[in-house]
Amino acid sequence: MIRMLRAAVRGVRAEYMGVEGQSFLSGSGPWPLGGMVSRAGPTVSAKTSLEHSAVWGCVRKTAEMISTLPVDLFRKSANGSRDKIDSDLAEIIKENPNADQTAPEFWEGMVAQTLLQGNAFAEKLYIGNRFVGLRPMLGCKPDRRPDRAFQYVVIDRGKREVLPAEKVFHLRGFGAGDGLGMSVVRYGANSIGAALAADETASSVFSNSAMPSGVIQSDQTLNAGQRKQLEAMLATYSGSQRAGKLMTLEAGLKFQQLQMNPEDAQLLDTRRFSVEDICRWFGVPPIVIGHASEGQTMWGSGVEAILLSWLTLGINPFLIRLEQRLKKDLIPVQTRRRDYFEYNREAMIQMDSKAKGDLMLKLGMGGTMTANERRARLNLPRHDDANADALLMQTAMSPMELLGKDQS
């Protein structure tokens with residue numbers, strides 16, 4: 439039976455069901471009400487998918503990483519240098535997006551919605567013509583007007599509202615070729631549905647003590663009343679808390695045990711594979727969510743290389759997409775050529791004290807950073823000495839005839 443269930447889990451395919459029978463097999467149309475019913479049984483939606491620990495871990499780790507990175511608004515000058523801008527717009531993005539949320543809370547939600555459903559929406563708040571904040575909008579439905587511009591339909595306190603594109607900050611996920619990002623939950627419904635089904639099956643086995651099941655045999659034919667009495671008696675022996683309880687059989691009843699090995703009972707292979715499969719959909723290495731493959735440890739240079747790969751191939755593309763969207767939707771057209779947002783990628787990489795000391799030494803000896811710039815990187819106070827703001831260069835070799843002489 440377990441093998442049949444595992445075969446069904448492996449071969450799961452999703453049935454895409456939308457409102458009024460509309461198909462959502464292609465494109466990036468609106469999310470079907472209630473999600474998608476998978477052939478494995480569970481309904482797969484943004485909400486139900488988060489019940490699986492691998493989905494929760496992938497979304498949480500990515501959203502927390504991106505939402506807590508430092509971001510600043512910069513302005514390019516004519517000579518190629520740049521200056522940091524402390525403006526109302528920068529404060530909204532970095533610290534205070536709205537009256538209820540901090541910046542990490544707001545961006546965590548936006549990133550999580552983008553990862554799960556492919557798109558995230560926030561209403562631009564204004565006082566007169568002044569932009570004052572961003573408010574997240576859940577259940578928002580984007581729609582194309584005849585002129586190909588977007589408009590956004592949202593239900594607010596039971597009232598249907600239609601907002602134009604200039605009033606909405608629309609963050610797109612991967613594959614936004616038609617203006618809408620593609621949902622991982624929708625296209626990965628096969629894998630997520632299989633994982634949910636495997637968890638449900640394993641939970642069902644454990645709820646029945648996770649012990650080998652068996653059959654009750656009798657040489658006599660039982661009537662309906664006797665069967666109910668037997669079922670009621672057997673119910674008192676099921677459940678993990680009753681494991682090992684002795685059963686008394688009478689009237690010729692015999693118990694025959696059916697063998698089930700522990701690997702089948704726990705669905706270890708299927709559940710291990712489902713974690714790795716879900717991680718592939720979200721582009722997160724399993725080690726990031728605490729899942730190590732066979733023979734792999736949670737520490738070591740190999741794990742460090744995997745994490746750097748995730749930051750480069752997973753987090754960085756999302757950051758570029760977010761920076762470009764901030765520039766396009768929030769920076770005024772007249773300053774868009776010279777103003778831009780940039781996330782501090784270096785904050786993603788934390789080194790041990792020896793590696794950090796070596797890096798600071800090389801940056802100082804090579805004339806790349808001043809002493810005060812290096813102290814700022816280490817969160818140390820500035821030095822008042824004028825030399826602390828000077829670029830220094832090490833001179834290791836000199837002509838022999840100059841040794842011991844004053845070269846000033």
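To convert, note that position 133 of the sequence shown is 571 in our numbering; the numbers rise steadily by one, no gaps.
Just so it is clear, CB atoms sit at the ideal spot from N, CA and C, and this is done for glycine as well.
### Query
Buried or exposed: THR552, going by 16 or more other Cβ atoms within 10 Å of its Cβ?
Working through the sequence shown from its first residue, we reach residue 552 at position 114. Buried is the call here.
### CB contact flag (ALA632, SER712, <8 angstroms)
In the sequence shown, residue 632 corresponds to position 194, counting from 1. In the sequence shown, residue 712 corresponds to position 274, counting from 1. Yes, these two residues count as a Cβ contact at 8 angstroms.
### Task
Along the alpha helix (DSSP H) that carries ILE758, what are the first and last residues, could you check?
Within the sequence shown, numbered from 1, the residue matching residue 758 stands at position 320. ILE758 -> alpha helix (DSSP H) spans 754-768.
#### Entry: 8 angstroms contact criterion, which PHE569 and PRO580 should meet: CB distance rounded
In the sequence shown, residue 569 corresponds to position 131, counting from 1. In the sequence shown, residue 580 corresponds to position 142, counting from 1. Not a contact, Cβ separation roughly 21 angstroms.
### Query
Considering only residues of the same chain and omitting the five flanking positions on each side of PRO508, which have a CB-CB separation below 6 angstroms?
Position 70 of the sequence shown, counted from the first residue, corresponds to residue 508. Closer than 6 angstroms at Cβ, skipping near neighbours: ASN782 and ALA785.
### Query
Just how far apart, CA to CA, sit THR750 and VAL741?
The residue labelled residue 750 in the question sits at position 312 within the sequence shown. The residue labelled residue 741 in the question sits at position 303 within the sequence shown. So the two alpha carbons sit approximately 14 angstroms from each other.
### Query
Are there 16 or more other CB atoms within 10 angstroms of the CB of ILE531, so buried, or fewer, so exposed?
In the sequence shown, counting from the first residue as 1, residue 531 sits at position 93. Buried is the call here.
### Task
Quick one: residues in its chain with C-beta nearer than 7 angstroms to the C-beta of GLY619, no 5 flanking neighbours on either side, listed in chain order?
Walking along the sequence shown from the start, residue 619 turns up at place 181. So the list reads SER466, THR552, GLY556, ASN557, ARG610, GLY611, PHE612 and GLY613, once near-sequence residues are dropped.
#### Entry: Within 8 angstroms, strictly: CB atoms of LEU563 and LEU572
Taking the first residue of the sequence shown as position 1, residue 563 is located at position 125. Taking the first residue of the sequence shown as position 1, residue 572 is located at position 134. Their beta carbons are under 8 angstroms apart, which means LEU563 touches LEU572 by this criterion.
#### Entry: Cβ neighbours of LEU764 in the same chain (closer than 6 angstroms, five flanking residues each side left out)
Within the sequence shown, residue 764 is the residue found at index 326, counting from 1. If we look at LEU764 and ignore the five residues flanking it on each side, its Cβ neighbours are PHE779.
### Task
Determine the DSSP secondary structure at VAL622, reduced to helix, strand or coil.
Taking the first residue of the sequence shown as 1, we reach residue 622 at position 184. Note: VAL622 maps to helix in three-state DSSP.
### Query
Measuring CB to CB, does TRP748 end up less than 8 angstroms from SER629?
In the sequence shown, the residue the question calls residue 748 occupies position 310. In the sequence shown, the residue the question calls residue 629 occupies position 191. Not closer than 8 angstroms, so no.
### Query
How about ALA528 and ASN534: do their beta carbons lie closer than 8 angstroms?
For the purposes of this step, residue 528 is identified with residue 90 of the sequence shown, where counting begins at 1. For the purposes of this step, residue 534 is identified with residue 96 of the sequence shown, where counting begins at 1. Cβ distance not < 8 angstroms, so ALA528 and ASN534 don't count as in contact.
### Query
If you drop the 5 nearest sequence neighbours on each side, which residues of the same chain put their C-beta closer than 6 angstroms to that of GLU489?
Locating residue 489 in the sequence shown gives position 51, counting from the first residue. Counting only Cβ-Cβ distances below 6 angstroms, and skipping sequence neighbours, we find nothing.
### Residues bridged to GLY571 (per DSSP)
In the sequence shown, residue 571 corresponds to position 133, counting from 1. Looking at the DSSP assignment, GLY571 forms a beta bridge with LEU563.
### Message
In this structure, how does DSSP classify MET838 when only helix, strand and coil are distinguished?
### Response
Against the sequence shown, residue 838 aligns to sequence position 400. Three-state DSSP puts MET838 in a helix.
### Message
Looking at the ligand MG, does it come within less than 7 angstroms of GLY802, judged from the CB to the closest heavy atom?
### Response
With respect to small molecules bound, the structure shown includes none, and the ligand MG cannot be examined in it.
### Query
Tell me, which residues are paired with LYS514 by DSSP?
Taking the first residue of the sequence shown as position 1, residue 514 is located at position 76. Partner(s): ARG520.
### Query
Nearest to ASP510 by CA position, among THR500, ASP524 and ILE504, is which residue?
Here residue 510 refers to the residue found at position 72 of the sequence shown. Checked all of THR500, ASP524 and ILE504; the closest Cα to ASP510 is ASP524.
### Query
DSSP on LEU507, reduced to helix/strand/coil?
Mapped onto the sequence shown, residue 507 falls at position 69. Correct three-state label for LEU507: coil.
### Query
What do you reckon, are the CB atoms on VAL722 and VAL623 nearer than 8 angstroms?
One-based indexing of the sequence shown puts residue 722 at position 284. One-based indexing of the sequence shown puts residue 623 at position 185. Result no, Cβ atoms of VAL722 and VAL623 do not sit closer than 8 angstroms.
### Query
Is GLY615 helix, strand or coil when you go by DSSP?
Walking along the sequence shown from the start, residue 615 turns up at place 177. Note: GLY615 maps to coil in three-state DSSP.
### Task
Please classify GLU839: is it buried, with 16 or more other beta-carbons within 10 angstroms of its beta-carbon, or exposed?
The count along the sequence shown starts at 1 and reaches residue 839 at position 401. GLU839 should be labelled exposed.
### Secondary structure of GLN772, DSSP reduced to three states
Locating residue 772 in the sequence shown gives position 334, where the first residue counts as 1. Three-state DSSP puts GLN772 in a helix.
### Query
Using CA coordinates, which residue listed in LYS522, ARG520 and ALA501 is at the minimum distance from GLU543?
Taking the sequence shown and counting its residues from 1, the one referred to as residue 543 is at position 105. Closest option to GLU543, Cα to Cα, is ALA501.
### Message
Considering only DSSP beta bridges, list what VAL592 is partnered with.
### Response
For the purposes of this step, residue 592 is taken as the residue at position 154 of the sequence shown. According to DSSP, which records beta bridges pairwise, VAL592 is partnered with GLU599.
### Message
Quick check on PRO535: does DSSP put it in helix, strand or coil?
### Response
The count along the sequence shown starts at 1 and reaches residue 535 at position 97. Correct three-state label for PRO535: coil.
### Query
For the putative contact between SER505 and GLU546, defined by C-beta atoms under 8 angstroms, what is the C-beta separation to the nearest angstrom?
Taking the first residue of the sequence shown as 1, we reach residue 505 at position 67. Taking the first residue of the sequence shown as 1, we reach residue 546 at position 108. Rounded, the Cβ-Cβ distance is 4 angstroms, consistent with contact.
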